[in-house]
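With the UniProt record's numbering, the residue at position 319 of the sequence shown is 319, and numbering never jumps.
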Amino acid sequence: MKARNGFVFTLSAIIIIVFAYLLMFGANLGPYYRFNAAKDLLKLGLDLRGGVYIEMEAVDKNVDQDALERARQMLELRVNNLGVAESTVAIAGGNRIRIEIPGISDAKAALEQVGRTGKLRFVGPDGKEEILTGSDVKDSTVGVDPQTNQPVVQLKLNEAGAKKFAEATKKYIGQPISIYMDEDLISSPTVQNEIPNGEAVITGMKDLDEAKRVAGIIKSGALPVKLQAATVRTIGPSLGAEAIPTSTKAAVIGVSLVMIFMLLYYRVPGFIADLALTVYIILTVLIFIGIKATLTLPGIAGMLLSIGMAVDANVLIFERIKEELKIGKSLKSSIDAGFHRALSSILDSNITTLIAGFVLYYLGSGSVKGFALTLILGVLTSMFTAITITRFMLKTFVNTGWIKNTKFYGA
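Take a look at the structure:
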């Protein structure tokens, strides 16, 4: 039994250390394969990477939220047409839309691209004949094809549009009629038969999100609300060039000092806490990569703060274990009682932090949301590692019988 626990503990520690090394330094297998998870997969925000930040504000203060969402979709289409990856277009609360375009420096050109009025056109197979415009579209909604159970876009045209569309669909059966917003191709469905009543269905949507996007753009015809630039600024990459190495250095120094303190003060439990803290950092980074979160400076601050929360939970547990050892309980009994007694304190402190994080996330915007998101994810992950990983590793180590003297456990 002791040999089995020794094997499990050693294997677990090796896996944790190997994953931590790969996350920090990556894998370098010569010229054919190089990989660094944190560097290659984490998305960096404007404050770290540089780019253009724009806030568009609706001129009408009482704008409908559905119209604002359609405007956001159209702006997103235009931003993507700039050829910039990892851009962000989001409703910033109230009547504003926030646009973040990393990696470019010409704010004027970006504003001209995203802020133009826009024109919707249905174009014939030759690419020149304009069949319909946005003024001919009465409505555009998302539906489901009853035969294939796939999402479709349902079009309704006004009287003038229905007449023009009937002539075009009769003429172009078996050929595509392309739908453009300005010069951006939205969809290019093939005409299956003549449509005389002004009600058409566009099939071939790969998923519901694409159907919603196409329907929203067609329904708008142009930007559904009049927008004006409220904030336009260029953020240079020099901030990121300085902030990334500085933040990395600060994080390494801070985490190292915490680990050394835990090891010297709590000895065996401190070593276990260091392993659990390493698991916490690995999980946090992997979660950020998995949800494709954008890392900003406030986000880094939230992550470092949650590291402190992770250590705090371990301190509560170890102090309770010390108290149990001092009254003469056995090592195994003290560990079980210590975790049980510390659980309520850990939950209380972390739940209050989570409440604050959720309030900041739902009421804040921009960098405040980034800070709140990393704090929430960090606190949840720290609770998991403190309650499960620390307990599993500590009990497994005690069961190895390698160190039985309670002095090494804080007594």
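Using N, Cα and C, we set each Cβ at its ideal position, and we do this for glycine too.
Beta-carbon proximity check, Val279 vs Ile101, cutoff 8 Å: Position 279 of the sequence shown, counting from 1, holds the residue named residue 279. Position 101 of the sequence shown, counting from 1, holds the residue named residue 101. No, the Cβ-Cβ distance between Val279 and Ile101 is not below 8 Å.
Reduced DSSP category for Gly51 - H, G, I as helix; E, B as strand; rest coil: Your numbering for residue 51 matches position 51 in the sequence shown. It is a strand residue.
Within 8 Å, strictly: CB atoms of Gly378 and Gly302: Walking along the sequence shown from the start, residue 378 turns up at place 378. Walking along the sequence shown from the start, residue 302 turns up at place 302. For Gly378 and Gly302, yes; Cβs fall inside 8 Å.
7 Å CB neighbourhood of Ile403 in its chain, flanking five on each side removed: Counted from its first residue, the sequence shown places residue 403 at position 403. For Ile403, where only same-chain residues beyond five positions count, the Cβ hits under 7 Å are Val268.
Bridge-paired residues (DSSP) for Val252: Sequence index remark: in the sequence shown, residue 252 carries index 252 (1-based). Note: Val252 sits in no beta bridge, so no partner.
Boundaries (first-last residue) of the alpha helix (DSSP H) holding Phe318: Locating residue 318 in the sequence shown gives position 318, counting from the first residue. Phe318 -> alpha helix (DSSP H) spans 297-326.
Rounded separation between Leu380 and Phe371 - CA only: Stepping through the sequence shown from its first residue, residue 380 is reached at position 380. Stepping through the sequence shown from its first residue, residue 371 is reached at position 371. Taking the straight line joining both Cα atoms gives about 14 Å.
Any 3 or more C-beta pairs closer than 8 Å across the segment 86-94 and the segment 136-151: no
Run of the alpha helix (DSSP H) containing Gly143, from where it starts to where it stops: Here residue 143 refers to the residue found at position 143 of the sequence shown. Gly143 -> not in any alpha helix (DSSP H); beta strand (DSSP E) instead, spanning 137-144.
Buried or exposed (CB count within 10 angstroms, at least 16 for buried), Pro189: By one-based count along the sequence shown, residue 189 stands at place 189. Under this definition Pro189 is a buried residue.
Spatial neighbours of Phe408 in its chain, beta-carbon cut-off 6 Å, leaving aside the 5 residues before and after: Position 408 of the sequence shown, counted from the first residue, corresponds to residue 408. Excluding positions up to five away in sequence, the list reads Arg267, Val268.
Cβ distance (whole Å) where Val191 is taken to contact Ile177 below 8 Å: Locating residue 191 in the sequence shown gives position 191, where the first residue counts as 1. Locating residue 177 in the sequence shown gives position 177, where the first residue counts as 1. With a Cβ gap of about 6 Å, Val191 and Ile177 count as contacting.
Close Cβ partners of Leu55 (< 6 Å) along its chain, the five nearest in sequence each way excluded: Position 55 of the sequence shown, counted from the first residue, corresponds to residue 55. It should be pointed out that residue 55 corresponds to Glu in this sequence rather than to Leu. Closer than 6 Å at Cβ, skipping near neighbours: Arg96, Arg98, Ala230, Thr231.
N-terminal and C-terminal residue of the beta strand (DSSP E) that Ile205 is part of: Residue numbering aside, residue 205 sits at position 205 when the sequence shown is read from its first letter. Contrary to the premise, residue 205 reads as Met rather than Ile in this sequence. That residue, Met205, is in no beta strand (DSSP E); it is neither H nor E in DSSP.
Spatial distance of Ala356 from Ile387 (CA atoms): Numbered from 1 along the sequence shown, position 356 holds the residue referred to as residue 356. Numbered from 1 along the sequence shown, position 387 holds the residue referred to as residue 387. Distance between the alpha carbons of Ala356 and Ile387: 22 Å.
Residue interval of the beta strand (DSSP E) (run including Ala90): Translated into positions along the sequence shown, residue 90 becomes position 90. Segment 88-91, the beta strand (DSSP E) holding Ala90.
Straight-line gap, Ala342 to Asp274 (C-alpha atoms, nearest Å): By 1-based counting over the sequence shown, the position of residue 342 is 342. By 1-based counting over the sequence shown, the position of residue 274 is 274. Going by the C-alpha atoms only, they are around 18 Å apart.
Contact check, Ala107 vs Thr234, beta carbons under 8 Å: Taking the sequence shown and counting its residues from 1, one reaches residue 107 at position 107. Taking the sequence shown and counting its residues from 1, one reaches residue 234 at position 234. Going by C-beta atoms, Ala107 is nearer than 8 Å to Thr234.
Of the listed residues Gly198, Glu324, Ile186, Pro224, nearest to Arg213 (C-alpha basis): On the sequence shown, residue 213 is found 213 positions in, with the first residue counted as 1. Here the closest residue by C-alpha is Ile186.
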